[in-house]
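Colleague: Following the numbering used here, the numbering of the sequence shown begins with -8 at its first residue and continues without gaps.
We put the beta carbon where it would ideally sit given N, CA and C, even for glycine.
Remember, predicted model here, so these are calculated numbers, not experimental data.
Below is one structure. I have some questions about it.
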Amino acid sequence: MTQITEIAPDIYRISTFIPEGNLQFNQFLVRDEQPLLFHTGMKGLFPVVQDAVATLLVPATIRWIGFSHFEADECGALTEWQMLAPSATAVCSLVAKLVSVDDVVARRPAQALADGERLCTGKYRFRFLQTPHVPHCWEASLLFEETQGTLLCSDLFHQNGDVEPSTSADVVGRFKQMLVEYQQGPFAHYMPYTAYTEPTLKRLAALKPRTLATMHGSTFVGDGERALADLAQVMKEVLAGS
Ligand SMILES: [Fe+2]
Ligand SMILES: [Fe+2]
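Now the structure itself:
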């Protein structure tokens, strides 16, 4: 069942729990002059995500579709969304656009943003952050909504289980638990630990986000700078073994 929660003014978390994976898949809808959907979810989720979006705005009016990297849960239903919404344009990194998105899943050419470039949707202003290999994949990027301090952080802060929509309690402990579990099974090496990991997480922490909108698990509301510092420590411990 899909659950809708407003996690910041006019920013909605659309969440579907998939029991087989013990995992929530969250999309974020920004209700603004130019509506933005961050993550489409997989193709199979398209009907339920569309129905959820329809309770908040006319789905055909979606103008921007953002995502972090090229995976089914990030942009698998981009084609379906672009067939439904005639002005919907994907926004992603140049690497994502050139290497995968335009060829495989986009009905219209994606708009590549440069690191630090801003996308204004009306009352909201998103800063595009190129974050190679954070959380994973060469083409990875994130969006930071500057007026409310909301970081759309993709797989960072991933928590398993059918958890509450948002929390101000610790989510890094749950992230660590997931990472340790994944390391012992078929999902091992979920996230790489590279020379870019720590500087990238420090850069995100310096934004001092108030809301961390993760794709899997509860949105965290609170001291995002501290949470990102804790997350960096956990990733180092579990993934780099130090
Ligand atoms: Fe991912
Ligand atoms: Fe994901």
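1) CB of D146 to nearest heavy atom of ligand 2: below 7 Å?
2) So, for V61: in the same chain, excluding its five sequence neighbours on each side, which residues have a beta-carbon less than 7 Å away from its beta-carbon?
3) Along the alpha helix (DSSP H) that carries C66, what are the first and last residues, could you check?
4) Do L110 and T205 come within 8 Å of each other at the CB atom, strictly closer than that value?
5) What I want to know is whether the C-beta of M206 ends up closer than 7 Å to one or more non-hydrogen atoms of ligand 2.
6) Could you pull the DSSP bridge partners for I56 from this structure?
7) Can we say the stretch 40 to 58 touches the stretch -7 to 5, given the rule of at least three CB pairs closer than 8 Å?
8) Would you kindly work out how many angstroms separate the C-alpha atoms of D64 and F58, rounded to a whole number?
9) Can you give the Cα-Cα distance for T52 and Y3, rounded to whole angstroms?
10) For ligand 2, I want to know if E62 counts as a neighbour, meaning its beta carbon is within less than 7 Å of at least one of the ligand's heavy atoms.
11) What does the Cβ neighbour count give for Q174, buried or exposed, with the cut at 16 atoms within 10 Å?
12) Once the 5 residues before and after L222 are set aside, which same chain residues still bring their CB inside 6 Å of it?
13) Quick check: is any heavy atom of ligand 1 less than 7 Å from the C-beta of E65?
14) Report yes if the CB atom of Y181 is closer than 8 Å to the CB atom of H124, and no otherwise.
15) Out of P126, F117 and G152, which one is the CA nearest neighbour of Q139?
16) Report all residues from its chain with a CB closer than 6 Å to the CB of L195; omit the five preceding and five following residues, and keep chain order.
17) Drop a sphere of 10 angstroms on the beta-carbon of R99, count the other beta-carbons inside from all chains shown, and report buried for 16 or more, exposed for fewer.
18) Grab me the residues of Y184's own chain with a C-beta within less than 8 Å of its C-beta, minus the 5 sequence neighbours each way, in chain order.
19) Specify, as a first and last residue, the run of the alpha helix (DSSP H) that A179 falls within.
20) Is it buried or exposed for M74, if we count other Cβ within 10 angstroms and need 16 for buried?
21) Do T31 and I5 count as a contact pair if the criterion is CB distance below 8 Å?
22) Assuming Y3 is part of the beta strand (DSSP E), what are its boundary residues?
Modeller: The structure says:
1) The answer is yes for D146.
2) The amino acid at residue 61 is misidentified as Val; the sequence shows Phe. Excluding sequence neighbours, F61 sits near A87, S91, V92, C128 and E130.
3) Here the alpha helix (DSSP H) through C66 covers A63 to C66.
4) Not in contact: T205 and L110 (Cβ atoms no closer than 8 Å).
5) Within the cutoff, so yes.
6) For I56, which the question treats as bridged, DSSP gives the partners L28 and A81.
7) The stretch 40 to 58, when compared against the stretch -7 to 5, does touch it at the 8 Å Cβ threshold.
8) Each residue's CA atom was taken as its position, placing D64 and F58 some 9 Å apart.
9) Looking at the two C-alpha atoms, the distance is approximately 16 Å.
10) At least one heavy atom of ligand 2 lies closer than 7 Å to the C-beta of E62.
11) Answer is exposed; the Cβ neighbour count stays below 16.
12) Closer than 6 Å at Cβ, skipping near neighbours: V163.
13) Short note on E65: C-beta closer than 7 Å to some heavy atom of ligand 1.
14) Inclusion of Y181 and H124 in the CB contact set at 8 Å is not warranted, their separation being larger than that value.
15) With distances taken between Cα atoms, Q139 lies closest to F117.
16) Cβ within range, chain order: L219.
17) Exposed, because fewer than 16 other Cβ atoms sit within 10 Å of the Cβ of R99.
18) So the qualifying residues of the chain are M226, K227, L230 and A231.
19) Careful: A179 lies outside any alpha helix (DSSP H) and carries neither H nor E.
20) M74 is classed as exposed because its beta carbon has fewer than 16 other beta carbons within 10 Å across all chains shown.
21) Cβ atoms of I5 and T31: not closer than 8 Å.
22) Segment I2 to I9, the beta strand (DSSP E) holding Y3.
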